[in-house]
Every structure is written in C-alpha cells, then in structure tokens.
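Following: one structure in structure tokens, then a few remarks.
Protein chains: 2
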Amino acid sequence: MISLPSPNSPKSTAKDSESLARPSKKTKIIEAALDIFLHRGYAMTSMDAIACRAAVSKSTLYAHFSNKRAIFGAVVSLGVAPFAGGLSIPERIDDLRLCLKNLANSYCAMICTPDSLAMYRVVLAESPKQPEIGSIFYNAGIADARRSITNLFRSLSHRDLLYFQSDDEPEIASDLFLSMLAGAQHQPALFGMNTQKPGLAKRIEMAVDLLICRFGRKGH
Amino acid sequence: MISLPSPNSPKSTAKDSESLARPSKKTKIIEAALDIFLHRGYAMTSMDAIACRAAVSKSTLYAHFSNKRAIFGAVVSLGVAPFAGGLSIPERIDDLRLCLKNLANSYCAMICTPDSLAMYRVVLAESPKQPEIGSIFYNAGIADARRSITNLFRSLSHRDLLYFQSDDEPEIASDLFLSMLAGAQHQPALFGMNTQKPGLAKRIEMAVDLLICRFGRKGH
DNA sequence: GTCTATATACGGATAGAC
DNA sequence: GTCTATCCGTATATAGAC
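Top to bottom, those sequences are chains F and L.
Mapping to the working numbering: the first sequence position 26 is 35, numbers consecutive.
Mapping to the working numbering: the second sequence position 40 is 49, numbers consecutive.
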C-alpha cells in the first residue's frame, strides 16, 4: 500500500488554508480515492465509492475538490511522492559491479510492487485524456530515477570508474540501463504474466554486464 | 490505423458458422469497435457508439457478441495480428551492426505508432480485470518480437557473429536489447512526453553498441 | 438477423437544510 | 463544512415486431 507522505502535511502553499486543520477529511478522501483508483481504475471508481470509503458524504467531496479529475490529480501528485528520490544512491563505492547490482535490485523491487504497477496502469490509461497527469507521473516517477542514475554515472565518470565519450552519454546510458531493468521485469508484471522470478537475478547481472563491458574503464 | 487481417477471414473454427457470410457485419462491428476503443478507452466506449459507427443497431451487436467484453476480446485478438511477425528478420547478414540498427529502427517505428501506443494503453488498463486479454496481447505482440530476435541471435551465434556462454543467454540478450529500444522511445511516448526525436538515432546506436560490445565476437 | 423502443440501473454533480 | 435527497444524463442489456 502506498503511504501518503504525511497525514498532516503543512504543504505551505498560500491558497489552501483548510489544510492547517490537522488530519483533515481532505486527506482521508485522498487516501480512500487512492486505494479505489488503484484497484478499480479511473472510470470504474465512483464518487459514491470514494465518499463511502472515506466515511464522508458526497457533498464533502465536492467541497474539497471541484470534480473527479481534481481528486485523481491530487491522488497522483501525492502517490508518486514515494518514488521521487526513492532510489538511494550510495555515497561510497568500493565495488562498481556490486553497487550497480544493488541499485538494480532496489529499482526492480520499487517499480514492481502491486501498487506501483497499478498506479502505472491507471495513470497511463488516463494520460491521453489528462496529459498533465501523465506528465507529473513521468517526471516525478520515471524521469527522476533516470536523473539520479545519470548523476551517479557522471560522478563515476569523474572518478574514472566509467568512461564516456561525450557529455550526453551518461544520460543515454542511464536510460538504457533502467530500460533493461524495467523490460525484464516490469513489463511482464504489468500484463500480469508470471514474473519469472528465477531469471531475474541473471537478467540483472547481465544488464550490469553490458553496461560495464561498454562503459567500464578496465576489465572489472 | 490498424488494418484487420482479412475482412472475410475463414477463421476455420468449428463453432462460428455465421462468419462464412462474407464481409459480415461482425467484421464491421470489430473494425468500428477497434477504432473507438483505441481513441476513448474501454470504459468510455459505449455500445451505442460502436453500433452507430458500424452502422448497425445495438441489437445486432448482441446478436454477434454476448457482451462488451466479448467485443473487446475480438478487437484485441485481431488487433495484435499485425504485430505478430511484424519484425522482418533479414536472411542474409553482411554487416552485423547495420542489421541490428535496421531491426531496431523498424521495431521502434512499429511500437510507436499512435495506434500501437493506444492499444498498449487500453489493453494494459483492462488486463487486471481481464487477464486473458493481457496475456493474448503480451504473447502475440511483445513476446513474439522477443522470440524473433532470440532466434536471430541463436542463428548469429551458430555463425560465430555473436558469442553466448550458455543456452539461455540469447533469450536474455534479446530481452535486454528490445527493452533498451522500448525504454528510450516507447515509454515517453506512452505518457505523451515529447518524443525527443533528435536523440533516437544515437540511442539506437548505443543500444546496438552495448550489445555488440558484450556479445560480439571480435571488434566489430 | 435486424430493427425500434424500452427496462433498469448507476454515475457525476447540485440543492438546500443545519 | 457537512449532511440528505435528488436531478439528469447515459450506460448495458433486453423485448418484441418484422
């Protein structure tokens, strides 16, 4: 279950004054909506169902959000929060291969939880109709991981652990690296295929292999 | 626009006898449904809309399909047909790098058409509720491409153009290869992000680079 | 098989009292 | 801000004539 950042978050923006009132109903609404949206999809989630689970009436929903889309937007905005910065980049790196493997493992684990997969599906299905939602999710969730890895690669390049020929190569390399990890595990899981657990370790190993073989300085 | 395999396909299964009646209304229904499902998603597609576009009445829909899900199943089953075997593997290979680049380009082009992306979104959104639909799409569309590439890699291995250490490596390698191609282009396109056209060529080049660097026999 | 007309239910959003 | 009750559109599916 995705846990929202803080039930009584200050949020410190000017326009919302009611969020100062502690564990507000607004938060309860968003939590309820998150749960139902993930399980049933956008269209199959009714305002009645959200109100029922949040233990408020439908009018209260409309007192806090102008419509269903607004609730969904709030759900996505808060739901992606755990993913932004979800990859913990180690500060000290002794063994490059081990470091990348650990990173790969935690990345795969992060994007393959049932909630992550459900969120991915729901946002993707709605993104043609609500492009800004897709943009929020992509930038906060997916692109953020890529930026982290890109920074790591640049750092490794400065320390002569990786070698890149041009300035845009670290970004492309991180993109390819994360893509390899996602493709091996994420995509089958999205479609509900058996997740071929036995192969995961070897796939990760090989993805790291390809990366080091191409960008590693000396025979690591 | 995805074109269905054959308007008057024999289909040669025992149970459906009405499909012998040439360019049947059934086909018109499926074509109409395909178009609307892709543009509006499953839930937002009404039986009225399908009937209207197919120029038949709603009763005719229910005469041919038991319900909405059945229509969707037929749409997906036929809609993935162009993707099965959609990758044309060259028979003679002179330049390995060029061959892989061409393959990569045609793969990216195939999976990034608006209809491909829309189909991917719709099927993915429905797959939790209709697992067999996700299975059909995944196996016919995604896994099929991987099988083609795996066979190619095995063939290249026998001809000493690629080198693999164990028997399962060609499959993993093809998986990683296709994942790199998809991630660079497919995923941003799915979420409606600007498709960063300029970078595509370089990304493909680099994906091929990684593959050859790791599995190529000698310095290609 | 195909049509028109309809049964039945549910969804998003609002009105008005408190 | 929160509730109960309701408006109104639309959706899936069916009935019955031809």
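Glycine included, each C-beta is placed from N, C-alpha and C at the ideal position.
Judging by CA-CA distance, which residue of L:L219, L:Y51, L:E178 is the nearest neighbour of N76 (chain L)? Closest by alpha carbon: L:Y51.
According to DSSP, simplified to helix, strand and coil, what is L165 (chain L)? Correct three-state label for L165 (chain L): helix.
Could you please tell me which residues of the region 196-228 of chain F, in chain order, have their CB closer than 8 Å to any CB of chain L? Answer set for the region 196-228 of chain F: Q196, P197, L199, F200, G201, M202, G208, K211, R212, M215, A216, D218, L219, L220, C222, R223.
Rounded to whole angstroms, how far is the Cβ of G82 (chain L) from the Cβ of I142 (chain L), which I believe are closer than 8 Å? Sure, about 6 Å apart at Cβ, within 8 Å.
Could you check whether the Cβ of F173 (chain L) sits closer than 8 Å to any Cβ belonging to chain F? Not one chain F Cβ lies under 8 Å of F173 (chain L).
As assigned by DSSP and simplified to three states, the class of L220 (chain L): Helix.
By DSSP, does L171 (chain F) sit in helix, in strand, or in coil? Strand.
For G225 (chain F), does the three-state DSSP call read helix, strand or coil? Per DSSP, reduced to three states, the secondary structure at G225 (chain F) is strand.
Closest to L133 (chain F) by CA distance: which of L:M128, L:L199, L:K110 is it? Comparing alpha-carbon positions, the option among L:M128, L:L199, L:K110 lying closest to L133 (chain F) turns out to be L:L199.
Are at least three pairs of beta-carbons, each pair with one atom in the region 155-172 of chain F and one in the region 165-172 of chain L, less than 8 Å apart? Touching, no.
Using a Cβ-Cβ cut-off of 7 Å (strictly less than) and excluding sequence neighbours within five positions of V85 (chain L), which residues of its own chain qualify? Here V85 (chain L) has V132, I142, I145, F146 as same chain residues with Cβ atoms under 7 Å from its own Cβ, once five neighbours each way along the sequence are excluded.
Helix or strand or just coil, what does DSSP make of I102 (chain F)? If DSSP states are grouped into helix, strand and coil, I102 (chain F) belongs with coil.
Are there 16 or more other CB atoms within 10 angstroms of the CB of M128 (chain L), so buried, or fewer, so exposed? With 16 or more Cβ atoms within 10 Å of its Cβ, M128 (chain L) is classed as buried.
Can the beta-carbon of S188 (chain L) be found closer than 8 Å to that of A191 (chain F)? Result yes, Cβ atoms of S188 (chain L) and A191 (chain F) sit closer than 8 Å.
Check this for me: beta carbons of I38 (chain L) and L87 (chain L), under 8 Å apart or not? No, the pair does not count as a contact, with Cβ atoms beyond the cut-off.
For T54 (chain L), which residues from the same chain have a beta carbon less than 6 Å from its beta carbon, with the 5 sequence-adjacent residues on both sides left out? Cβ neighbours of T54 (chain L) beyond the five flanking positions: I45, F46.
So with Cβ pairs under 8 Å, would you call M240 (chain L) a contact of chain F? Residue numbering for chain L in the displayed model covers 10 to 229; residue 240 (chain L) lies beyond these limits and cannot be assessed.
How big is the Cα-Cα spacing for Y172 (chain F) and S125 (chain F)? For Y172 (chain F) and S125 (chain F), the gap between their C-alpha atoms comes out near 33 Å.
Quick one: is P140 (chain L) buried, meaning 16 or more other Cβ sit within 10 Å of its Cβ, or exposed? Counting the other CB atoms within 10 Å of its CB gives P140 (chain L) a total below 16, which places it among the exposed residues.
Which one of L:Q174, L:D218, L:L43 has the shortest CA to CA distance from R78 (chain L)? The candidate whose alpha carbon is nearest that of R78 (chain L) is L:L43.
Neighbourhood of E135 (chain L) by C-beta, 8 Å cutoff - its chain only, sequence neighbours within 5 removed: Here E135 (chain L) has Y51, F81, I142, G143 as same chain residues with Cβ atoms under 8 Å from its own Cβ, once five neighbours each way along the sequence are excluded.
In the DSSP assignment, find the unbroken alpha helix (DSSP H) run with T69 (chain F) in it and report its ends. If you look at T69 (chain F), you'll find it in the alpha helix (DSSP H) that goes 67-73.
Out of curiosity, what's the CA-to-CA distance linking E180 (chain L) and D153 (chain F)? Whole-angstrom Cα-Cα distance: 30 Å.
Measure the alpha-carbon distance for A60 (chain F) versus E40 (chain F) and round it to whole angstroms. A60 (chain F) and E40 (chain F) have their C-alpha atoms roughly 11 Å apart.
Would you give the residue range spanned by the alpha helix (DSSP H) that I145 (chain L) belongs to? According to the DSSP assignment, I145 (chain L) belongs to the alpha helix (DSSP H) that extends over 140-146.
Closest to V217 (chain F) by CA distance: which of F:C108, F:I120, F:K67 is it? In terms of Cα proximity to V217 (chain F), the closest of F:C108, F:I120, F:K67 is F:C108.
Within 8 Å of any Cβ in chain L, is that where the Cβ of F74 (chain F) sits? By this cut-off, F74 (chain F) is not an interface position.
Give me the residue from L:Q194, L:K110, L:L220, L:S33 with the minimum Cα distance to A63 (chain L). The shortest CA-to-CA distance from A63 (chain L) to any of L:Q194, L:K110, L:L220, L:S33 is the one to L:S33.
For C140 (chain F), go through chain L and note every residue whose CB falls closer than 7 Å to its CB, in chain order. First, the amino acid is wrong: residue 140 (chain F) is Pro here, not Cys. Those within 7 Å of P140 (chain F) in chain L are G201.
When you compare only the Cα positions, how much space is there between A182 (chain F) and R223 (chain F)? Looking at the two C-alpha atoms, the distance is approximately 10 Å.
Would you report the Cα separation of I151 (chain F) and S66 (chain L), rounded to the nearest angstrom? Those two C-alpha atoms are separated by around 45 Å.
Per-residue DSSP class, three states only, for A52 (chain F): The answer is coil: DSSP assigns A52 (chain F) none of H, G, I, E or B.
Starting from I181 (chain L), trace the alpha helix (DSSP H) both ways and give me its first and last residue. Start and end: 178-199.
Name, please, each residue of chain F whose Cβ falls closer than 9 Å to the Cβ of L133 (chain L). What L133 (chain L) touches in chain F: Y129, R130, L133, A134, L199, F200.
Terminal residues of the continuous alpha helix (DSSP H) containing M128 (chain L)? Note, M128 (chain L): alpha helix (DSSP H), 123-135.
Whether S157 (chain F) touches L219 (chain F) by CB criterion (8 Å): Their beta carbons are not under 8 Å apart, which means S157 (chain F) does not touch L219 (chain F) by this criterion.
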